[in-house]
Amino acid sequence: MGPQGGAHPTAVSPGAPASCRTRGSGRKPALSGAYTLIRQLQIAPDLLVMELAADLRALPGQFLHVAVGPGMLRRPFSVYRSGDGRAEILYRVKGTGTRIMATWGAGVAVDILGPLGRPFRAPWPGERVLLVGGGIGVAPLAHFAQCYPGTGAAVFGFRGAGEVCAADRAAAAGYDVVVTTLDGSDGVAGTVLSPLEGGTLQGRFDRILTCGPWPMMAAVAAWAKAAGLACEAALEREMGCGIGACLGCVVETTDPKRPYARVCTEGPVMDVREVAWN
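The sequence shown runs contiguously to residue 687 in the numbering used here.
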């Protein structure tokens, strides 16, 4: 289920850091464990980065399933950064579970299942990739930039200047970065489509990777189709088990032989042509 509809390899390019490697070409089996919370960094009143002492070796696009309390379902979060024995997640406080997480301090043992799910395909030699993310959807794209530096450009969209994050990380990894804000307080005013449609980006691109709110990804998928570009999306869905058993995270597909796909196992990364966006 790669960008051309065939196999979806997860092999990592030789230039990727050890934090993005797994044995062989397959995915590393998911592990469950308690990892020590190092710190939480507040980006905005409801936007935080959690740093953990965890050598998870996750691939870009994979997620961690975090236990938040007794009797509550785990919450899925894309990996924001990994390496050097540490891992980060970027999350927004919007419900009971994330409100509990926001109260955790340094030294707390965080129960995590993962890394889980299907990652983005590693770039081919010479392939130029365009990363398009919105809100906390920038997390797996920043992780991709970390693992595969200098392979393209990024457009990251936010509600306002106070929420801008990950742009500095992508730039440090050698990506040409454009920031958009809905209120025009930083970068280009408008949505992530503004620089795509306005010709702000320079050079050619071979593939688009996107993550963010569903309407945004649907719009990016439509733009990619019109531009004749392959596109992969890291889908965001609430999940129950995270391992494909409960069927709580299914999305409708365009394949009549397989009308539904489980985001936690067949995703979260999918070819946008396989997703029924309407």
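Glycine included, each C-beta is placed from N, C-alpha and C at the ideal position. Just so it is clear, the structure is predicted and the values come from calculations on it, not from any experiment.
SER487 and ILE498 have their C-alpha atoms spaced approximately 6 Å apart. In the DSSP assignment, the residues bridged to LEU461 are LEU446, ALA496.
Leaving aside the five residues that flank ARG448 on each side, the residues in its chain whose CB is nearer than 7 Å to its CB run, in chain order, GLU460, ALA515.
Counting along the chain, MET626 sits inside no beta strand (DSSP E); it lies in the alpha helix (DSSP H) bounded by residues 623-636.
Between the region 518-527 and the region 572-580 there are fewer than three inter-stretch CB-CB distances shorter than 8 Å, so the stretches are not counted as touching. In the DSSP assignment, ARG508 falls within the alpha helix (DSSP H) that extends over 505-511. One alpha carbon belongs to ALA636, the other to THR619, and they sit about 15 Å apart.
Distance check between VAL475 and each of ALA453, GLY543, ALA511 places ALA511 closest, using alpha-carbon atoms only. For LEU644, the closest of GLN611, LEU482, GLU675 by C-alpha to C-alpha distance is GLU675. Proximity to ALA443 across ALA496, GLY470, LEU457 peaks at ALA496, based on C-alpha coordinates. In the three-state scheme derived from DSSP, where H, G and I count as helix and E and B as strand, PRO528 is classed as coil.
When Cβ pairs closer than 8 Å are counted between the two stretches, the region 651-669 is seen not to touch the region 532-552, the count staying below three. Within the model, the alpha-carbon separation for THR663 versus THR600 is close to 27 Å. The alpha-carbon of VAL629 is positioned some 17 Å away from that of VAL597. In the three-state reduction of the DSSP assignment, PHE565 falls in the strand class, which pools E and B.
Linking SER491 to ARG483 through their CA atoms gives a straight-line distance of about 20 Å.
Shown here, GLN555 sits in a helix according to DSSP, grouped into three states. Remark: C-beta atoms of ALA563 and LEU539 approach each other more closely than 9 Å. Counting only residues of its own chain and dropping the five nearest sequence neighbours on each side, ALA453 has a CB closer than 6 Å to the CB of GLY571, GLU572.
Exposure of GLN611 is indicated by the presence of fewer than 16 other C-beta atoms within 10 angstroms of its C-beta. Secondary structure within the region 588-616: the alpha helix (DSSP H) runs of 4 or more consecutive residues, fully enclosed, are 602-607 (chain order).
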